[in-house]
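Take a look at the structure below.
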Amino acid sequence: MMDSFEQELNKLLVDTYRSILKVEESTIKSSKTLDLSISEMHMLESIAKNEKGVTISDIAQDLDITLPSVTVAINKLQRKGYVQKIKNSDDGRKVNVVLTKLGKKVDAVHQYFHEQMTKDISKEFSKEEKNILLKGISKLNDFFNSKIKELEKIR
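Quick note on numbering: the sequence shown equals residues 87 to 241 in the working numbering.
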């Protein structure tokens, strides 16, 4: 049985997770020109981490999804004009995925969205509250990362 703190924490974690997704999805949908899902947007974000491009395996590892799922998504993003595949300059057998001009533009807008959201949230807190919030979220992140490592050992 959960105590009152644990019940409230559970509710807040679930509600916050859902709210963040809903805000992101609504922002994407409100842009009539974007034909992307939230998972496609996060895939573009993963690709944008390296200007020279990333492999399908890099994306799969970064987003913790299967190679076939990434391959299907990349092919779809390529048809939509957001990414292109280029031969790896070091190893011609490998293919790197890079953002097109359109992909870079969309990723920049997505990054701006995150920056604005963070600034808006920050306005609500005093300096002391910000430090406490960062410490708490950092502990949460550490907890979830250790759980992920435990689960990966089981696989």
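Backbone N, C-alpha and C define an ideal beta-carbon position, used for all residues, glycine too.
None of the values given here were measured: they were computed from a predicted structure.
Could you name the residues of the same chain whose beta carbon sits closer than 8 Å to that of residue i, not counting the 5 residues immediately before and after it, in chain order?
i: Thr113; result: Phe199
i: Ile142; result: Leu153, Val156, Thr157, Ile160, Val181 and Val183
Note down the Cα distance separating residue i from residue j, rounded to an integer number of angstroms.
i: Ser125; j: Thr152; result: 13 Å
i: Val109; j: Gln197; result: 14 Å
i: Glu215; j: Leu120; result: 36 Å
i: Ser232; j: Gly222; result: 15 Å
i: Val169; j: Glu131; result: 11 Å
i: Phe211; j: Met88; result: 29 Å
i: Glu111; j: Ser123; result: 8 Å
i: Lys225; j: Ala134; result: 27 Å
i: Val192; j: Ser175; result: 26 Å
i: Phe91; j: Glu137; result: 45 Å
i: Arg179; j: Leu188; result: 26 Å
i: Gln202; j: Asp101; result: 21 Å
i: Ile240; j: Leu99; result: 25 Å
i: Lys209; j: Lys115; result: 26 Å
i: Glu236; j: Phe229; result: 11 Å
i: Lys97; j: Arg104; result: 11 Å
i: Asn217; j: Ile234; result: 26 Å
What does DSSP give as the partner residues of residue i in its beta bridges?
i: Leu185; result: Val169
i: Val192; result: According to DSSP, which records beta bridges pairwise, Val192 is partnered with nothing at all.
Which residues in the same chain have their Cβ closer than 7 Å to the Cβ of residue i, if we skip the five residues on either side of it in sequence?
i: Gly139; result: Ile172, Asn182, Val183 and Val184
Could you tell me the boundaries of the alpha helix (DSSP H) in which residue i lies?
i: Asn217; result: Lys213 to Ile240
i: Ser105; result: Ser90 to Ser116
i: Ala146; result: Ile142 to Leu149
i: Ser125; result: Ile124 to Ile133
Among the candidates the options, whose CA atom is the shortest distance from the CA of residue i?
i: Lys166; options: Ile234, Thr186, Leu219 and Ile145; result: Thr186
i: Gln164; options: Met129, Ile240 and Ala146; result: Met129
i: Ile106; options: Asn96, Leu149 and Thr204; result: Thr204
i: Glu238; options: Asp150, Ile145 and Gln93; result: Asp150
i: Met127; options: Asp177, Asp144 and Val195; result: Val195
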